[in-house]
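Protein chains: 2
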Amino acid sequence: MENIETIFKEKHLNLTKPRIEIYKFIKAHPIHPTAETVYRAVQKKLPNISFATVYNVLNKFIELGLVKEFNIGKETRFDGNTVPHIHFVCLKCGKVEDADFSGYDKISEAAQKRGWDVKEFSLFIYGICPQCKKSSNH
Amino acid sequence: MENIETIFKEKHLNLTKPRIEIYKFIKAHPIHPTAETVYRAVQKKLPNISFATVYNVLNKFIELGLVKEFNIGKETRFDGNTVPHIHFVCLKCGKVEDADFSGYDKISEAAQKRGWDVKEFSLFIYGICPQCKKSSNH
DNA sequence: ATTTAAAATTAAAATGGTTATAATTATCTA
DNA sequence: TAGATAATTATAACCATTTTAATTTTAAAT
């Protein structure tokens, strides 16, 4: 587990307070936050941070592969987990849960048969989570 | 293959010119268009159509399950193909290609093990398409 | 075919998330 | 510590999408 300083050095990123706080938050909280959630969280540490900085930093992280971006409906979410994985999205409570994925080889094989080189994939599974299944007895 | 009149009747949709033209375009052209592409295409048939109508109609179609919506990066795309399938997205030329998917049972099974009921899935595979692979010899 | 009520469309303005701008401040390297 | 570069800030601008209110069209009944 490398520390922030090392990671930023590797990516030629200056160590600034906004970047450090945003990085720490998004890596420590696997909640797939919106930009606003990131902003509100980091604001507690850096009261003067601006929204523009949150977007700038997140976009820079995405550019460097430190963060992933995706949409749930019309909402843009950010994900500090860059290890390939899949998402379960609850259609009732909106929760997004990470899950391992073992089907990458199959996908890659199928793609190669079609002449494609696979660089990345995104698999979202929409449904009802266990908690919502329980609480819908009414 | 049902005709538009029948489909709209089933969905309790009044038969209006904008709806008919948008429906015909999006079902006949599997190009995963943006709202603007739909607007420009339908404008050829209905010069006075407004952008608001394109959005209203597309949203109504989505609500009724006649059309699906997804994002490629920051761009919103619409898909008249509502049969479950996957998308190959070329990172070079931007093309989005449909493909069959036979792994639904596996996904459904894995989800059930976690206590989830699967309603829908979305699988995007990002890579380089055969055409772009050829033309990148420079 | 007319009439009427409900629904859909239109043009325009408003909205909201995101990005661009220009000035200020912080970071890094020497 | 100084100077050059890069990042941050506040603000304004942007642009895709939605809302609003007036007008037009549709569907059903006469």
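Residue numbers (the numbering used here), protein chains in the order written: chain A, 1 to 138; chain B, 139 to 276.
We treat Cβ as the ideally placed atom computed from N, Cα and C, and that holds for glycine.
Cβ shell of residue i (< 8 Å), same chain only, five flanking positions each side left out
| i | result |
| --- | --- |
| threonine 220 of chain B | Gly203, Leu204, Val205 and Lys206 |
| tyrosine 55 of chain A | Ala35 |
| glutamate 143 of chain B | Leu153 |
| lysine 147 of chain B | none |
| lysine 149 of chain B | Leu202 and Leu204 |
CA-to-CA distance, residue j to residue i, given in whole angstroms
| i | j | result |
| --- | --- | --- |
| asparagine 141 of chain B | histidine 87 of chain A | 37 Å |
| glutamate 75 of chain A | phenylalanine 208 of chain B | 11 Å |
| isoleucine 62 of chain A | lysine 230 of chain B | 18 Å |
| lysine 309 of chain B | serine 135 of chain A | Outside the modelled stretch of chain B, which goes from 139 to 276, sits residue 309 of chain B, for which no answer is possible. |
| aspartate 100 of chain A | tryptophan 254 of chain B | 15 Å |
| glutamate 109 of chain A | proline 47 of chain A | 49 Å |
| histidine 29 of chain A | phenylalanine 189 of chain B | 40 Å |
| isoleucine 128 of chain A | aspartate 98 of chain A | 14 Å |
| isoleucine 22 of chain A | leucine 13 of chain A | 13 Å |
| phenylalanine 121 of chain A | glycine 94 of chain A | 22 Å |
| glycine 7 of chain A | isoleucine 125 of chain A | The sequence shown places isoleucine at residue 7 of chain A, rather than the glycine named in the question. Cα to Cα, the separation comes out at about 32 Å. |
| tyrosine 242 of chain B | serine 102 of chain A | 14 Å |
| cysteine 132 of chain A | valine 227 of chain B | 33 Å |
| lysine 257 of chain B | alanine 249 of chain B | 10 Å |
| lysine 165 of chain B | glycine 73 of chain A | 22 Å |
| asparagine 197 of chain B | isoleucine 245 of chain B | 28 Å |
| aspartate 268 of chain B | proline 222 of chain B | The amino acid occupying residue 268 of chain B in the given sequence is proline; aspartate does not appear at that position. Spanning the two alpha carbons is a distance of roughly 24 Å. |
Residues that residue i bridges to, as DSSP identifies them
| i | result |
| --- | --- |
| cysteine 93 of chain A | BP columns for cysteine 93 of chain A are empty, so no partner. |
| aspartate 98 of chain A | A:His87 |
Residue interval of the alpha helix (DSSP H) (run including residue i)
| i | result |
| --- | --- |
| glutamate 243 of chain B | The sequence as given places aspartate at residue 243 of chain B; glutamate does not occur at that position. That run of the alpha helix (DSSP H) goes 242–251. |
| isoleucine 49 of chain A | Unbroken run through isoleucine 49 of chain A: none, as it is neither H nor E. |
| phenylalanine 25 of chain A | 17–28 |
| threonine 37 of chain A | 35–43 |
Close Cβ partners of residue i (< 7 Å) along its chain, the five nearest in sequence each way excluded
| i | result |
| --- | --- |
| phenylalanine 163 of chain B | Val176, Ala179 and Val180 |
| histidine 276 of chain B | At histidine 276 of chain B the pLDDT is 46, less than 50, meaning the model places this residue with poor confidence; the figure from the coordinates comes in the next sentence. For histidine 276 of chain B, where only same-chain residues beyond five positions count, there are no Cβ hits under 7 Å. |
Beta-carbon contacts of residue i that lie in its chain and below 6 Å, excluding the five residues immediately before and after
| i | result |
| --- | --- |
| histidine 170 of chain B | Arg215, Asp217 and Val234 |
| proline 156 of chain B | Ile187, Thr191 and Val195 |
| leucine 140 of chain A | No answer is possible for residue 140 of chain A: the residues shown for chain A start at 1 and end at 138. |
| lysine 45 of chain A | Glu21 |
Host beta strand (DSSP E) of residue i (start-end)
| i | result |
| --- | --- |
| glutamate 2 of chain A | Careful: glutamate 2 of chain A lies outside any beta strand (DSSP E) and carries neither H nor E. |
| alanine 214 of chain B | The sequence shown places threonine at residue 214 of chain B, rather than the alanine named in the question. Segment 213–217, the beta strand (DSSP E) holding threonine 214 of chain B. |
| phenylalanine 70 of chain A | 68–72 |
| valine 118 of chain A | 117–128 |
Residue i CB to nearest heavy atom of the ligand GDP below 6 Å
| i | result |
| --- | --- |
| threonine 220 of chain B | Although the ligand GDP was asked about, the structure shown includes no ligands whatsoever. |
| field | Residues of the stretch 242–267 of chain B whose Cβ lies closer than 8 Å to any Cβ of chain A, in chain order | value | Result list: Lys244, Ile245, Ala248, Ala249, Arg252, Gly253, Trp254, Asp255, Val256, Lys257, Glu258, Phe259, Ser260, Leu261, Phe262, Ile263, Tyr264, Gly265, Ile266 and Cys267.
| query | For the stretch 223–235 of chain B, which residues have a CB atom closer than 7 Å to at least one CB atom of chain A, in sequence order? | reply | Identification of residues in the stretch 223–235 of chain B having a C-beta nearer than 7 Å to some C-beta of chain A yields Phe226 and Leu229, given in sequence order.
| request: Please list the residues of the stretch 194–212 of chain B that have a C-beta atom closer than 9 Å to any C-beta atom in chain A, keeping them in chain order. | output: From the stretch 194–212 of chain B, only Glu207, Phe208, Asn209, Gly211 and Lys212 have a Cβ closer than 9 Å to chain A.
| request: Output, in sequence order along the chain, the residues in the stretch 25–45 of chain A whose CB is closer than 7 Å to any CB in chain B. | output: Listed by position, the residues of the stretch 25–45 of chain A near chain B (Cβ gap below 7 Å) amount to none.
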